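Visitor:
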Amino acid sequence: MKAPFSPYLDALAPKMKKLVELLGKSFDYVSILSTDSVGFQANISKRSKSITGSNMTTERGNVIRVWRGGQYSEFAFNNIPAEIETLAETVVRQLESQFAVLQRTRTQPYDTPILPDEPQELFVEKEAERLPERADMKTLVETFTALSDRGLETVPHALDCAISASSTHISKMFVTKNRFLRQSYVYTEGTCMAYAPNEEGEMKMAHVGVSGCGGLEILDGLTEKLEKLPRQMEEMLRAEKIVPGEYEIISDPGISGLIAHEAFGHGVEMDMFVKHRALGADYIGKRVGSDLCTMHEGALCDNSVTAYAFDDEGTLAGDVIEIDRGILKTGICDALAALRLGIAPTGNGKRENFAHKVYTRMTNTVFDSGDSTLEEMIASVKHGYLLSGTQSGMEDPKHWGIQCIIARGYEIKDGKLTGKVVAPVVMTGYVPDLLGSISMASKDRQIEGNGACGKGHKEWVKVADGGPYLKMKARLG
Amino acid sequence: MLDRIEEQIKALGCTVWELREQTVKAWEFYFIRHALDQNRITEVETVNVTLYRLLEDGMLGSASGKLSPTASDDEIGKTLADIYEQASLVKNPAYTLTDKPVEAPALQEVNVEAIAEDFISAMSKVQETETEFVNSYEIFVKEITRHYRNSNGVEYTVRYPSSMIEVVVNARKEDHEIELYRMYDSGTCDADKLCRDVEKTLRYGKDRLVTEPTPKLNEFDVLFSTDDAVQIYRYFAIKTNTALLFRHLSDWTVGKNVAENATGDRVTVKAVSSLHNSSKDYPIDEEGAAIQDRVLIRSGVVENLWGPRQYSQYLGVENGSMVQNFVVEGGARSEAEVRQGDYLEVVEFSDFEVDPFGGNIAGEIRLGYLHQNGTVKIVSGGSVTGQMAQAVPTMEFSSETEQYDTCVIPRVTRLKDLKITGIA
Chain S
1 MKAPFSPYLD ALAPKMKKLV ELLGKSFDYV SILSTDSVGF QANISKRSKS
51 ITGSNMTTER GNVIRVWRGG QYSEFAFNNI PAEIETLAET VVRQLESQFA
101 VLQRTRTQPY DTPILPDEPQ ELFVEKEAER LPERADMKTL VETFTALSDR
151 GLETVPHALD CAISASSTHI SKMFVTKNRF LRQSYVYTEG TCMAYAPNEE
201 GEMKMAHVGV SGCGGLEILD GLTEKLEKLP RQMEEMLRAE KIVPGEYEII
251 SDPGISGLIA HEAFGHGVEM DMFVKHRALG ADYIGKRVGS DLCTMHEGAL
301 CDNSVTAYAF DDEGTLAGDV IEIDRGILKT GICDALAALR LGIAPTGNGK
351 RENFAHKVYT RMTNTVFDSG DSTLEEMIAS VKHGYLLSGT QSGMEDPKHW
401 GIQCIIARGY EIKDGKLTGK VVAPVVMTGY VPDLLGSISM ASKDRQIEGN
451 GACGKGHKEW VKVADGGPYL KMKARLG
Chain H
1 MLDRIEEQIK ALGCTVWELR EQTVKAWEFY FIRHALDQNR ITEVETVNVT
51 LYRLLEDGML GSASGKLSPT ASDDEIGKTL ADIYEQASLV KNPAYTLTDK
101 PVEAPALQEV NVEAIAEDFI SAMSKVQETE TEFVNSYEIF VKEITRHYRN
151 SNGVEYTVRY PSSMIEVVVN ARKEDHEIEL YRMYDSGTCD ADKLCRDVEK
201 TLRYGKDRLV TEPTPKLNEF DVLFSTDDAV QIYRYFAIKT NTALLFRHLS
251 DWTVGKNVAE NATGDRVTVK AVSSLHNSSK DYPIDEEGAA IQDRVLIRSG
301 VVENLWGPRQ YSQYLGVENG SMVQNFVVEG GARSEAEVRQ GDYLEVVEFS
351 DFEVDPFGGN IAGEIRLGYL HQNGTVKIVS GGSVTGQMAQ AVPTMEFSSE
401 TEQYDTCVIP RVTRLKDLKI TGIA
C-alpha cells in the first residue's frame with residue numbers, strides 16, 4: 001500500500017502558502033519546510049520493557065528560511081497562532097532583533113546568492129505494507145518477548161537479550177512562492193543485542209539488525225538474524241587481544257560501509273569545502289583509491305532508511321558517483337553550499353529535525369562490487385584479519401586520518417581462517433593509503449542503516465552505508 | 001496545554017500519570033571564519049506524557065508519547081488512548097511516582113540575546129595569527145523551561161540557560177593545514193575561559209604541524225589533560241547507575257571496592273544538585289525528585305547509587321534521583337608530581353572513548369607530547385587502547401581540578417601501562 005501523506009500537513013498547506021506570501025513582503029526568498037512524522041520505539045528485554053510514541057525522527061513542526069541582502073536566516077516553530085498574520089509579524093520582529101545584535105557586534109554576512117525558485121510540484125507516497133501508526137502493538141510485544149526469550153536461551157552466558165525496534169512514517173512538505181513538494185515514506189529498523197560477561201568479568205556484546213525503507217514487515221527479518229547471535233557471542237567471549245601492527249584485512253560489508261562513511265563520506269560533504277575543512281576539495285580529478293574503488297552516494301542509491309524523494313531544502317534526491325575507479329569525481333552538497341561553490345546541489349541537505357539547521361549530510365554511501373568471492377579473498381591473505389561488527393568511527397576530512405572501532409577480527413593465516421578471534425579492534429590509517437590498498441572486492445554487497453550519524457559531535461541523522469567484502473591493508477590495534 | 005491533557009487523561013480513567021512540558025527558545029549563529037553563515041531562532045514546545053496502569057500480579061504497565069502544541073483535542077484523545085492501551089502491554093515490576101512536594105527555585109530570567117552577544121563578542125577577541133586562526137564556529141544559546149506535573153500532585157517549573165559553542169581552528173605551515181575541533185557546553189558565556197581555551201587550541205594546532213610519527217611504545221603511561229578525561233570519570237559515575245545495575249551491566253553495588261589493592265589515587269565521585277555555569281544546572285530531576293548532594297564513590301568504595309526512580313526502587317535505593325552534575329575530588333599529588341617521569345600526554349584524539357559497559361579505552365592519537373628521558377617530542381598517529389579494570393588500581397590524578405560543563409575533574413589524570421600502537 002501507499003504510505004498516505006499527512007492529512008494534518010494537507011490542512012496546513014494553505015496557511016503555509018499564505019505565510020510565504022506575507023513574509024515575501026519583508027524578504028526576497030522565503031521557503032517553509034513542514035513536517036508531521038509519527039512512529040514508535042519499543043524496547044523489550046527480560047529486565048526492562050518500554051514503548052514510546054516518539055523516536056529520533058518523529059516530529060511535527062515548521063522551519064522558515066528567508067534571504068535578504070546576501071544573508072540567510074531561519075525561524076523554527078511548532079505552535080501556530082489562529083491568525084497567520086500574527087505569526088508573520090512575530091517572525092519579522094524576532095529576526096530583526098537578531099539583526100540588531102549582528103549590527104552591534106559589527107558582524108558581516110557571508111555573502112551568498114539568492115536560491116532559485118523554479119516552479120515545481122511533486123507528490124510522492126512510497127510503498128509500505130504495515131504502517132507504524134496502525135501497528136498491532138500487542139502482537140509486536142509478544143513477538144519481541146519471544147525473540148528476547150529465545151536469545152536468552154540460546155546465547156551462551158547471556159544476562160539479557162534486548163530487542164529494540166522503531167518505525168517512523170515521515171511526511172514532509174516544502175513550500176515556496178513557486179514550489180510545492182510533498183512526500184510520505186516509512187522506514188523501520190530493529191536490533192537484537194545480547195550481553196554476557198567473559199571469564200574476567202568484562203561485559204561483551206553481540207548484536208544483529210535489520211533496516212530499510214518500508215513498514216513493520218521489515219522487522220520480520222529479526223527472527224532469522226537472531227540465530228546468528230549465539231555464535232557471535234561465543235566468539236566475543238573467547239576473543240583475545242590483538243597484537244598491534246599492520247595487517248592485510250578483509251572488511252565485511254558492514255565494515256566496508258563504515259570505511260565508506262568515515263573515509264570519504266564525510267570527506268566530500270561540500271559544506272566542508274566552503275569552510276576549507278576538507279582535503280577532498282584539492283583532490284577532485286585525482287587518484288584517491290585503487291582501480292577497484294568506486295563509491296556512490298545518494299538517497300536514490302538504495303531503498304534504505306534514508307530513501308527520501310526530496311531533501312530538507314526541497315532538492316530532489318540524487319545518486320552521485322563520488323569515486324570512479326579510484327579517481328575522486330565530486331562530492332555531495334546542500335543548496336547553500338552549492339550556491340557558494342557555484343555548482344548544482346545533490347539532494348543532501350538534511351536536518352536532525354525541523355528545529356535544526358541544514359548541513360550537507362550523507363544518505364546511502366556505498367562501495368561498488370567487484371568480481372572476487374570471499375573464499376578467494378581469504379585464500380589470498382598471508383596473515384591478517386576478517387573484520388566484522390561496527391562499533392563506531394570518526395572522520396578527519398582535513399587530514400584524512402581514519403579511526404574505526406570494530407567489534408572483532410577473525411584471524412587468517414596462510415589463506416585460511418584459524419578460528420582465533422580478536423576483540424575489540426581499533427583500525428587507524430590514512431584514507432588514500434587505505435583506499436589505495438583495496439586489492440580485491442567481492443561480487444555481492446549489502447547496505448545497512450541501523451545507526452545514526454553526527455556532524456562533529458551533534459546533528460544526528462539517519463544514514464545507511466555498505467559495500468562488498470574488500471581486501472585492504474590497515475593498521476590494527 | 002497541560003490542563004487540556006490532564007482533563008482527557010482523567011476521562012480515560014487513568015489514575016497514575018506524568019506530564020513533562022518543555023519549552024525551548026534558542027538563538028543560534030553560525031560563522032565561517034568571522035562572517036555570518038546563518039542566524040536562526042527556534043521556539044519549540046513539546047509535552048511528553050507517560051501513562052501507567054496497575055496490572056494483575058502486581059505488575060505496572062507504562063507507555064509514553066509526545067504531543068505537539070498544535071494537536072487538536074481529537075488528536076490528544078486518540079494519542080492518550082493509544083498510550084493507555086500500550087501501557088497494558090509493557091509489564092514491569094511495580095514502582096511508585098514521587099509524592100514528595102518539591103520547592104523549585106524562583107524562575108530565572110534568561111537573557112538569550114545578551115548571552116548570544118557575549119559569545120559573538122568573545123570570539124571576535126580571540127588572538128589569531130596569520131597561520132593559526134579560527135576556521136568556523138557555531139553558537140547555540142537556549143532558554144529551557146521545564147514544567148513537570150504528576151498524578152500525586154507534585155508540580156514544579158524550572159528555567160535555566162543552556163549554551164554550546166562549537167569551534168574549529170586551523171593551523172597552517174606552507175601548504176600543509178590542519179584543523180582541531182572543540183565543543184564547549186555551559187550555562188552562559190564565560191568569555192575569558194572560552195578565549196583562553198581557544199587560544200590554547202590554536203597553540204596545539206601549531207604543534208600539530210610539526211609532529212613526528214608516534215613510536216611503538218607498547219605499554220606506556222598516558223596523561224590526560226583535556227576534556228577527554230571526563231570520559232574516564234563518567235565511567236565511574238555510570239557504573240553506579242541503578243539502571244545499569246538492575247540490568248546486570250554493572251556490578252558496582254554499595255560497598256564494592258572498585259580499586260582493590262590500589263597503589264595509585266583512589267577516586268571519590270560526588271553527585272551534586274547544583275554546579276555553577278553547568279548547562280544542566282537545575283535542582284529537581286525529570287521525575288519530580290529533588291536532587292541531593294551525595295558521595296557516590298568514596299576513596300574507591302561505592303557508597304551511594306543514583307539513577308531513574310524505577311530502577312532505584314527495584315534496588316531499594318532511597319532518593320535515587322537522576323543526577324546531571326558530578327564533582328570528582330582531586331588526588332594527593334600536585335599536577336607537577338603527576339607529570340614526573342616518562343609519559344605520553346595526548347591532547348587531541350580523533351575520538352576518545354571509554355566504553356561504560358566493558359571498560360575498553362580507545363582513541364586515535366592526533367596530537368601528543370611524548371615526555372621520555374628528559375626530552376619532549378610532539379607526536380601524531382597510532383592509537384591508545386586499554387582496559388579500565390586494569391587501569392583503575394594504578395591511576396594517578398592531580399589535586400588541582402578543572403570544570404568541564406557538568407563535571408569537575410582532576411586537571412591531569414595518568415593511566416599507567418596503556419597500549420600505544422605507534423606508526424614509526
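Here the protein sequences line up with chains S and H, keeping their order. For the first sequence, position 461 matches number 461 in the working numbering, and the numbering has no gaps at all. For the second sequence, position 360 matches number 360 in the working numbering, and the numbering has no gaps at all. C-beta atoms are modelled at their ideal positions from N, C-alpha and C, and glycine is treated no differently. This one's a predicted model, so the numbers in the text were calculated from it and none came from an experiment.
#1: So with Cβ pairs under 9 Å, would you call Met137 of chain S a contact of chain H?
#2: Less than 8 Å between the CB of Lys17 of chain S and some heavy atom of the ligand ZN, yes or no?
#3: Roughly how many whole angstroms lie between the Cα atoms of Gly279 of chain H and Ser162 of chain H?
#4: So which residues of chain S does Ser64 of chain H contact, with C-beta pairs closer than 9 Å?
#5: On the three-state DSSP scale, how would you describe Ile80 of chain S?
#6: Going along chain H in order, which residues have a C-beta closer than 9 Å to the C-beta of Ala76 of chain S?
#7: How many angstroms separate the CA atom of Thr154 of chain S from the CA atom of Gly436 of chain S?
#8: Name the chain S residues that come within less than 7 Å of Ala359 of chain H, Cβ to Cβ?
#9: Would you mind reading off the limits of the alpha helix (DSSP H) that contains Arg234 of chain H?
#10: Around the Cβ of Ser186 of chain H, are there at least 16 other Cβ atoms within 10 angstroms (buried) or fewer (exposed)?
#11: For Pro7 of chain S, which of S:Leu23, S:Ser34 and S:Leu386 has the nearest alpha-carbon?
#12: Confirm, please, whether the CB-CB distance from Ile64 of chain S to Ser31 of chain S is below 9 Å.
#13: Tell me, please, which residues DSSP counts as bridged to Tyr110 of chain S.
#14: Going straight from the alpha carbon of Glu260 of chain H to that of Gly209 of chain S, what length do you get?
#15: Between Tyr30 of chain H and chain S, is the shortest Cβ-Cβ distance under 9 Å, so that the two count as touching?
#16: Going along the segment 381-400 of chain S in order, which residues come within less than 9 Å of chain H, judged by CB to CB distance?
#17: Assuming Phe354 of chain S is part of the beta strand (DSSP E), what are its boundary residues?
#18: Using only CA atoms, which one of H:Met164, H:Ala106 and H:Asp118 lies nearest to Thr145 of chain H?
#19: Using the rule of at least 16 other Cβ atoms within 10 Å of the residue's Cβ for burial, across every protein chain shown, is Glu235 of chain S buried or exposed?
#20: Is there contact between the segment 13-26 of chain H and the segment 390-404 of chain S, where contact requires at least three CB pairs shorter than 8 Å?
#21: Could you check whether the Cβ of Asn79 of chain S sits closer than 9 Å to any Cβ belonging to chain H?
#22: Please report the distance separating the alpha-carbon of Glu103 of chain H from that of Tyr156 of chain H.
#23: Less than 9 Å between the C-beta atoms of Gly477 of chain S and Thr421 of chain H, yes or no?
#24: So, are the CB atoms of Gly320 of chain H and Leu97 of chain H less than 9 Å apart?
#25: Three or more C-beta pairs closer than 8 Å, one from the segment 318-333 of chain S and one from the segment 256-273 of chain S: is that the case here?
#26: Closest by CA to Asn373 of chain H, which one among H:Thr385, H:Glu400, H:Gln340 and H:Phe352?
#27: Less than 9 Å between CB atoms is the rule here; does Met205 of chain S satisfy it with respect to chain H?
#28: Per DSSP, what kind of secondary structure is Ala35 of chain H in: helix, strand or coil?
#29: Which residues of the segment 247-274 of chain H have a Cβ closer than 8 Å to any Cβ of chain S? Give them in chain order.
#30: Report yes if the CB atom of Leu219 of chain S is closer than 9 Å to the CB atom of Thr188 of chain S, and no otherwise.
#31: Is Gln231 of chain H near Glu353 of chain H, with beta carbons less than 9 Å apart?
#32: List, in order along the chain, the chain S residues whose C-beta lies closer than 8 Å to that of Glu179 of chain H?
#33: Just how far apart, CA to CA, sit His157 of chain S and Ser250 of chain H?
#34: Going by DSSP, which residues form a beta bridge with Phe99 of chain S?
#35: Which residues does DSSP pair with Thr157 of chain H in a beta bridge?
#36: Run through chain S and tell me which residues come within less than 7 Å of Gln86 of chain H, C-beta to C-beta.
Guide: On the basis of the coordinates in this document:
#1: On the first sequence, residue 137 of chain S is found 137 positions in, with the first residue counted as 1. Yes, Met137 of chain S counts as interfacial toward chain H.
#2: The ligand ZN is not among the ligands present in this structure, which contains no ligands whatsoever.
#3: Looking up residue 279 of chain H in the second sequence gives position 279. Looking up residue 162 of chain H in the second sequence gives position 162. In the sequence as displayed, the identity of residue 279 of chain H is Ser instead of Gly. Cα to Cα, the separation comes out at about 4 Å.
#4: In the second sequence, residue 64 of chain H corresponds to position 64, counting from 1. By Cβ distance, chain S contributes Ser50, Ile51, Thr52, Gly53 and Ser54.
#5: In the first sequence, the residue the question calls residue 80 of chain S occupies position 80. Ile80 of chain S: coil per DSSP, three-state reduction.
#6: On the first sequence, residue 76 of chain S is found 76 positions in, with the first residue counted as 1. Neighbours of Ala76 of chain S on chain H, chain order: Ala26, Arg40, Ile41, Thr42, Glu43 and Val44.
#7: As a first step, residue 154 of chain S must be located in the first sequence, where it is residue number 154. As a first step, residue 436 of chain S must be located in the first sequence, where it is residue number 436. One C-alpha to the other measures close to 42 Å.
#8: Along the second sequence, read from residue 1 onward, the residue named residue 359 of chain H stands at position 359. The sequence shown places Gly at residue 359 of chain H, rather than the Ala named in the question. Correct list: Glu202.
#9: Taking the first residue of the second sequence as 1, we reach residue 234 of chain H at position 234. Here the alpha helix (DSSP H) through Arg234 of chain H covers Ala229 to Lys239.
#10: Walking along the second sequence from the start, residue 186 of chain H turns up at place 186. By the neighbour-count rule (16 or more Cβ atoms within 10 Å), Ser186 of chain H is buried.
#11: The sequence position of residue 7 of chain S within the first sequence is 7, counting from 1. The residue with the shortest Cα to Cα distance from Pro7 of chain S is S:Ser34.
#12: One-based indexing of the first sequence puts residue 31 of chain S at position 31. One-based indexing of the first sequence puts residue 64 of chain S at position 64. Closer than 9 Å, so yes.
#13: The sequence position of residue 110 of chain S within the first sequence is 110, counting from 1. Looking at the DSSP assignment, Tyr110 of chain S forms no beta bridge with any residue, so it has no partner.
#14: For the purposes of this step, residue 260 of chain H is taken as residue 260 along the second sequence, with counting starting at 1. For the purposes of this step, residue 209 of chain S is taken as residue 209 along the first sequence, with counting starting at 1. Each residue's Cα considered, the two are about 39 Å apart.
#15: Here residue 30 of chain H refers to the residue found at position 30 when the second sequence is read from its first residue. Yes, because at least one Cβ of chain S sits closer than 9 Å to the Cβ of Tyr30 of chain H.
#16: Gln391, Ser392, Gly393, Met394, Glu395, Asp396, Pro397, Lys398 and His399
#17: Sequence index remark: in the first sequence, residue 354 of chain S carries index 354 (1-based). Phe354 of chain S -> no beta strand (DSSP E), and no H or E assigned at all.
#18: Translated into positions along the second sequence, residue 145 of chain H becomes position 145. Nearest of H:Met164, H:Ala106 and H:Asp118 to Thr145 of chain H, Cα basis: H:Ala106.
#19: Taking the first sequence and counting its residues from 1, one reaches residue 235 of chain S at position 235. Note on Glu235 of chain S: 16 or more other CB atoms within 10 angstroms of its CB, so buried under the neighbour-count rule.
#20: no
#21: For the purposes of this step, residue 79 of chain S is identified with residue 79 of the first sequence, where counting begins at 1. Yes, because at least one Cβ of chain H sits closer than 9 Å to the Cβ of Asn79 of chain S.
#22: Here the question's residue 103 of chain H lines up with position 103 in the second sequence. Here the question's residue 156 of chain H lines up with position 156 in the second sequence. Their Cα atoms are separated by approximately 7 Å.
#23: Here residue 477 of chain S is taken as the residue at index 477 of the first sequence, counted from 1. Here residue 421 of chain H is taken as the residue at index 421 of the second sequence, counted from 1. Yes, they are a contact pair.
#24: Walking along the second sequence from the start, residue 320 of chain H turns up at place 320. Walking along the second sequence from the start, residue 97 of chain H turns up at place 97. Not in contact: Gly320 of chain H and Leu97 of chain H (Cβ atoms no closer than 9 Å).
#25: yes
#26: Indexing the second sequence from 1 puts residue 373 of chain H at position 373. Taking only the C-alpha atoms, the option nearest Asn373 of chain H is H:Gln340.
#27: The sequence position of residue 205 of chain S within the first sequence is 205, counting from 1. Yes, contact with chain H.
#28: Position 35 of the second sequence, counting from 1, holds the residue named residue 35 of chain H. Three-state result, Ala35 of chain H: strand.
#29: The residues in question are Arg247, His248, Leu249 and Asp251.
#30: The residue you call residue 219 of chain S lines up with position 219 of the first sequence. The residue you call residue 188 of chain S lines up with position 188 of the first sequence. Yes, the pair counts as a contact, with Cβ atoms nearer than the cut-off.
#31: Position 231 of the second sequence holds residue 231 of chain H. Position 353 of the second sequence holds residue 353 of chain H. Cβ atoms of Gln231 of chain H and Glu353 of chain H: closer than 9 Å.
#32: The residue you call residue 179 of chain H lines up with position 179 of the second sequence. Per Cβ cutoff of 8 Å: Arg277, Lys398 and His399.
#33: By 1-based counting over the first sequence, the position of residue 157 of chain S is 157. By 1-based counting over the second sequence, the position of residue 250 of chain H is 250. Roughly 15 Å separates the two Cα atoms.
#34: Within the first sequence, residue 99 of chain S is the residue found at index 99, counting from 1. None; Phe99 of chain S has no bridge partner.
#35: Taking the first residue of the second sequence as 1, we reach residue 157 of chain H at position 157. Partner(s): H:His147.
#36: As a working note, residue 86 of chain H is residue 86 in the second sequence. Residues of chain S passing the Cβ test: Ile51 and Met137.
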